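The numbers in the sequence shown follow this note's numbering, run straight up by one, and end at 253. Working notes, beginning with the structure itself.
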Amino acid sequence: MTREEQLLKAMVEAVDTLVDDFDLIDFLHQLCDRCNTLLDVSAVGVMLADPTGKLQVIAASDEHTRLLELFGLQADQGPCVECHRNGATQLNVDLYSPARTAAFPLFAARARQAGFRTTHALPMRLRQQSVGALNLFDAREQRLGDSDARVAQALADVATIAILQQRTIVYGNIERAQLRAALSSRIVIEQAKGILAERWTTTVDAAFEALRRHARAHQMRLTDLCHQLIDGTLDTTAIQRP
């Protein structure tokens, strides 16, 4: 599939949010996958603002990145936090540069420990409505060129529009209901992948990928599948192990 075809597919996925059973969590993980593929970065994270304006980690390309994003929120530091706060895109932030990381030294140090060299943060914003930020990480000393930056912002914009239109269509409340459901779903998913990882003696990333594959293969909502795993009604031997 060419890059243009993948971009078109991302747009179509956004249009698919015009349905009642839209799965926000899975959609945002697809966004992470698209960014990984189209932009050739090492990792991706998505933060959304809750009804009070406080950022929450909703999706990440892997567990290490999710934990790094959580650290950034706890320390109230990082390009993603700054990007959401002031609405300004931050590109090609050298995590080894004291000047570029002066506003978030603790986050930069933790990102370096995680093996990252460069990071980028793009706002998820439509006019005056800000829903969060998209964070890209690279383990290499590699710049994000103008073309790739436009692609990254286009993906962030598509996701923003999808989130806002879905909140409007399903709930009629653009500020609260969809994100509340997403945050609740996130807790259930974290519990389920932890249970499966312990049961299989594998990583949480591998367990989560297996859950995603099983949900798609059986046309189930990811959250519903995780509920079944937690309450014991799901036979986990039916899930294909990584």
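All C-beta atoms in this analysis are idealised placements derived from N, C-alpha and C, irrespective of residue type, glycine included. Quick caveat: nothing in here was measured; it's all calculated off a predicted structure.
Apart from the 5 residues on each side of it in sequence, residue 61 sits with its Cβ closer than 7 Å to the Cβ of 67, 190 and 194 in its chain, given in chain order. Of all C-beta pairs linking the stretch 164-173 to the stretch 139-148, three or more are shorter than 8 Å, placing the two stretches in contact. Within the same chain, 253 come within 6 Å of residue 217 by CB-CB distance, once the 5 residues on both sides are set aside.
Contact between residue 90 and residue 127 fails: their C-beta atoms lie close to 11 Å from each other, not under 8 Å. Straight through space, the alpha carbons of residue 249 and residue 174 are spaced by roughly 32 Å. Counted as a single uninterrupted DSSP element, the stretch harbouring residue 105 is not any alpha helix (DSSP H) but the beta strand (DSSP E) occupying residues 101-105. Taking the Cβ atoms as the reference, residue 37 lies roughly 10 Å from residue 222, outside the contact range of under 8 Å. Under the Cβ criterion (8 Å, minimum of three pairs), the stretch 106-114 does not count as touching the stretch 68-76. When rounded, the separation of the alpha-carbon atoms in residue 87 and residue 100 is 17 Å. Ranked by how close their Cα comes to the Cα of residue 224, the residues 251, 202 and 239 have 251 in first place.
In the DSSP assignment, residue 143 falls within the unbroken beta strand (DSSP E) covering 140-149. Closest in alpha carbon position to residue 125, among 213, 156, 77 and 95, is 77. Note: residue 134 is bridge-paired with 144 in the DSSP secondary-structure output. In this chain, the alpha helix (DSSP H) harbouring residue 36 covers 35-50.
According to DSSP, residue pairing for residue 66 in a beta bridge involves 60.
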